[in-house]
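**Q**
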Amino acid sequence: MRNKLKQLTEALLSNDRFLLLSHVDPDGDAVGSLIALHALLERRGKRAVAYDRDGVPEIYRFLRGSENIHSSLETPDGFDAAIFVECPNVGRAGENAAALVEKIPLWINIDHHRDNGNFGHLNIVDPQLSATGELVYEVFQLLQEPLDRMTAEALYAAIMTDTGSFRFPNTTPRAHVISAELIGLGIEPHEIYQRIYENLSKPAALINARAHATLEILDGYSCVTVTRAMLKETGATAEDTHEIVNYGRNIESIEVAVLLREMEQGIKVSLRSKSRVNVSEIAARFGGGGHIRAAGCTIQADMEQARRLIFAEVERALEKSHSASRS
Numbered sequence: 409m410r411n412k413l414k415q416l417t418e419a420l421l422s423n424d425r426f427l428l429l430s431h432v433d434p435d436g437d438a439v440g441s442l443i444a445l446h447a448l449l450e451r452r453g454k455r456a457v458a459y460d461r462d463g464v465p466e467i468y469r470f471l472r473g474s475e476n477i478h479s480s481l482e483t484p485d486g487f488d489a490a491i492f493v494e495c496p497n498v499g500r501a502g503e504n505a506a507a508l509v510e511k512i513p514l515w516i517n518i519d520h521h522r523d524n525g526n527f528g529h530l531n532i533v534d535p536q537l538s539a540t541g542e543l544v545y546e547v548f549q550l551l552q553e554p555l556d557r558m559t560a561e562a563l564y565a566a567i568m569t570d571t572g573s574f575r576f577p578n579t580t581p582r583a584h585v586i587s588a589e590l591i592g593l594g595i596e597p598h599e600i601y602q603r604i605y606e607n608l609s610k611p612a613a614l615i616n617a618r619a620h621a622t623l624e625i626l627d628g629y630s631c632v633t634v635t636r637a638m639l640k641e642t643g644a645t646a647e648d649t650h651e652i653v654n655y656g657r658n659i660e661s662i663e664v665a666v667l668l669r670e671m672e673q674g675i676k677v678s679l680r681s682k683s684r685v686n687v688s689e690i691a692a693r694f695g696g697g698g699h700i701r702a703a704g705c706t707i708q709a710d711m712e713q714a715r716r717l718i719f720a721e722v723e724r725a726l727e728k729s730h731s732a733s734r735s
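Just so you know, we're using the working numbering here: the sequence shown kicks off at 409 and counts up by one.
1. Under a three-way DSSP split, which group does G499 fall into?
2. Determine the DSSP secondary structure at N654, reduced to helix, strand or coil.
3. Does the segment 636 to 644 touch the segment 590 to 605, meaning 3 or more C-beta pairs lie closer than 8 Å?
4. Please report how far the alpha carbon of F492 lies from the alpha carbon of M711, in whole angstroms.
5. How many angstroms separate the CA atom of F426 from the CA atom of A703?
6. On the CB-based measure, 16 or more other CB atoms within 10 Å of its CB, does H598 come out buried or exposed?
7. For E663 and Y629, which I take to be in contact (beta-carbon distance under 8 Å), what is that distance rounded to the nearest angstrom?
8. Excluding the 5 residues preceding and the 5 following G486 in the sequence, name in chain order all residues of the same chain whose CB lies nearer than 7 Å to its CB.
9. Mind listing, in chain order, the continuous beta strand (DSSP E) runs of no fewer than 3 residues lying wholly within the segment 595 to 656?
10. Should S729 and R684 be called a contact, given that it needs their Cβ atoms to be closer than 8 Å?
11. Would a C-beta distance cut-off of 8 Å place I532 and L543 closer than the cut-off?
12. Would you decide whether S422 is buried or exposed? Buried here means 16 or more other CB atoms lie within 10 Å of its CB.
13. Quick check: the Cα distance between E494 and N616, rounded to an integer number of angstroms?
14. Are three or more beta carbon pairs between the segment 456 to 472 and the segment 560 to 572 nearer than 8 Å?
15. Buried or exposed: E721, going by 16 or more other Cβ atoms within 10 Å of its Cβ?
16. Output the boundary residues of the beta strand (DSSP E) element that contains L448.
17. Quick check on H521: does DSSP put it in helix, strand or coil?
18. Can you give me the C-alpha to C-alpha distance between E660 and A725, rounded to a whole angstrom?
19. To the nearest angstrom, report how far apart G696 and S688 are at their CA atoms.
20. Please identify the residue among S587, H529, S538 and D435 whose C-alpha is closest to the C-alpha of E466.
21. Alpha carbon to alpha carbon, how far is R693 from L717? Give it in angstroms, no decimals.
22. Please determine, among I477, H431 and I625, the residue with the shortest C-alpha to C-alpha distance to I443.
23. Runs of 3 residues minimum, wholly inside the segment 503 to 554: which ones carry the beta strand (DSSP E) assignment?
24. Provide the residue(s) that pair with G697 in DSSP beta bridges, ordered along the chain.
25. Buried or exposed for M409, going by 16 or more other Cβ atoms inside 10 Å?
26. In its own chain, which residues sit with a C-beta less than 8 Å from the C-beta of T483, not counting the 5 before and 5 after it?
27. Using only alpha-carbon positions, find the residue among R452, R657 and V439 that is nearest to R461.
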């Protein structure tokens, strides 16, 4: 990985115009990594444009530098390199991503997803890391570029959110070491946590309450449901539902938590697990993906059909994990 990172720094130094892209419906790792990488390139005198099709979610807009992430591009022409951040494949950056980058000669792929397709000309992918923000941090170190408060906050948010505030099994010693160094630069971790996790809007609080009321506790797994009618009645948005799935995982005896959210076309499925089930394998069966303990997909079906399909796969995965533990 050290050699790959050196190749990355060489590519950053030898090119001048960069398009940075991350996945649709961006999370804290995507936003924080984009902010920090954009800032690094601009300080080096490069032209950098950060793009995410869905823009920056409200909960991350307090991060300085988030205003530099755009949800539209005037023209995709004139770039030397496209840098995909936290995208396991080109399509995760949106249905128009391939068209945006088709004329760009160099594609750089920076990620930590296990299902990354290594689609770039240069692939810096390490599934052992807790967050893509860790890779961006290492780029700062290799280039001996000092982190300021803005970039430190962005990278701390990236690591904190992808580790579930350092609770998830993907939390590594290195994640703690990097986070400690970022805190040493003067950031306030409790403020970042509060702005992200303890700052629900009224509609978000209402949709959480409505969703929790749909909770089903099944044999080793749970399910909560959000319908379009519920969103309309509470005034909530899809963004307000992101943390709901974790409610089901917090229950004793539950290994897998499922959130089913009705969309205009299809059902968005979010999956979480505690320790035994690889939910990315479940999501992959429906064209989705993610991490071992956190993944998602979209099923083109109505709610009842989607329930039957996803429940069958979850039950199969749970039985597989039970069989493995007995052998």
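Cβ atoms here follow ideal geometry from the backbone N, Cα and C, with glycine treated the same way. Since the model is a prediction, treat every value here as computed from it, not as a measurement.
**A** So, from the listed chains and residues:
1. helix
2. helix
3. no
4. 33 Å
5. 29 Å
6. exposed
7. 6 Å
8. R425
9. 629 to 634
10. yes
11. yes
12. exposed
13. 27 Å
14. yes
15. buried
16. No beta strand (DSSP E) holds L448; the alpha helix (DSSP H) holding it covers G436 to R451.
17. coil
18. 19 Å
19. 8 Å
20. D435
21. 10 Å
22. I477
23. 514 to 519 and 530 to 533
24. G704
25. exposed
26. none
27. V439
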